Amino acid sequence: MTINVALWFAPGWVEPDNVVLDGSGVLPRVISLKPDSPEASTVAPGLVCVSLGWFESPERAASVGKELGRAYRVESRAEELPPLHWVLIPPQPDEAARNQFRSLAIQGVESYIVAQGEYRNAISLGLFESLQAAESVLAEKKAANLNVVLAKFPRNRIGYALVFDVESGRETETVQAVEAETGIKFDLIESKTCEGVATPEKNP
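Here the sequence shown stands for residues 280 to 483, where the numbers follow the working numbering.
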């Protein structure tokens, strides 16, 4: 599959900002959560943060969290995806890049000048999920006497995860309970020591 897009950014990473939404309520079998006020800035000893994802939007994650009825947070994460295979003409001086771009356009070749980053002033001839497809285009362009190379196009996307504060040792129980209650098999299952974050607000 070819993905031709105008590249007005440097390929690389996306640094997400956390999105925090509140959940409330208690169900049978709920793990004990820290009862501090929302203003608390520390987490009680023995609590572990369990993250479950991915969700395509914070609203979808919050909807699932509310259905569960247990305290939760929604956090945004940068999910690393497999890199694309990038066929391009290597970077060159500004005027040379513009001239070659115009020449390719006259020939009916779809291309874009990379505006920023490591490959600034390179000419993109296509992004491909399939290595085989990229190599086929590479061979075709070389046969047309174009100086082309194959590069990796790193990419991330923002996904969203539900985060629960649970008692240490009960992480597996929490994951199994949430999957059973939601019918979702999560791709992301992460457990780590909770850092200093506020406990989600719980309605009386």
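The beta carbon of each residue, even a glycine, is placed where N, CA and C say it ideally should be.
Here the structure is a predicted model, which is why all the values come from computation and not from measurement.
Start and end residues, alpha helix (DSSP H) containing residue i
| i | result |
| --- | --- |
| Val488 | Here the chain comprises residues numbered 280 to 483, so residue 488 is not present and cannot be evaluated. |
| Lys345 | Pro337 to Leu347 |
In DSSP terms, what residue i is bridged to
| i | result |
| --- | --- |
| Arg356 | Gly438 |
| Phe443 | Val329 |
| Phe380 | Answer by DSSP bridge pairing: none, since Phe380 is not bridged. |
Unbroken beta strand (DSSP E) run spanning residue i, endpoints
| i | result |
| --- | --- |
| Lys471 | Leu467 to Thr472 |
Cβ distance (whole Å) where residue i is taken to contact residue j below 8 Å
| i | j | result |
| --- | --- | --- |
| Ser470 | Val329 | 5 Å |
| Pro370 | Val428 | Contact doesn't hold; Cβ gap of about 10 Å is too wide. |
| Gly351 | Val442 | Reading off the sequence shown, one finds Tyr at residue 351, where the question assumed Gly. At roughly 6 Å, the Cβ-Cβ gap stays under 8 Å, so Tyr351 and Val442 are in contact. |
Taking 8 Å as the threshold, find out whether the stretch 429–440 comes into contact with the stretch 335–345 through three or more Cβ pairs.
At 8 Å Cβ cutoff, the stretches touch.
Is the stretch 371–386 in contact with the stretch 408–416, if contact means three or more CB pairs nearer than 8 Å?
No contact exists between the stretch 371–386 and the stretch 408–416.
Taking 8 Å as the threshold, find out whether the stretch 363–378 comes into contact with the stretch 440–457 through three or more Cβ pairs.
Because the criterion of three Cβ pairs below 8 Å is not met, the stretch 363–378 and the stretch 440–457 do not touch.
Runs of alpha helix (DSSP H) lying entirely within the stretch 385–440, each at least 4 residues, in chain order:
The qualifying runs are 410–422.
Hey, is the stretch 402–409 in contact with the stretch 458–468, meaning 3+ C-beta pairs nearer than 8 Å?
They do not touch, by the three-pair rule.
Say whether the stretch 360–367 touches the stretch 426–434, bearing in mind that this needs 3 or more beta-carbon pairs closer than 8 Å, one atom from each stretch.
By the C-beta criterion, the stretch 360–367 is judged to be in contact with the stretch 426–434, since at least 3 inter-stretch pairs fall below 8 Å.
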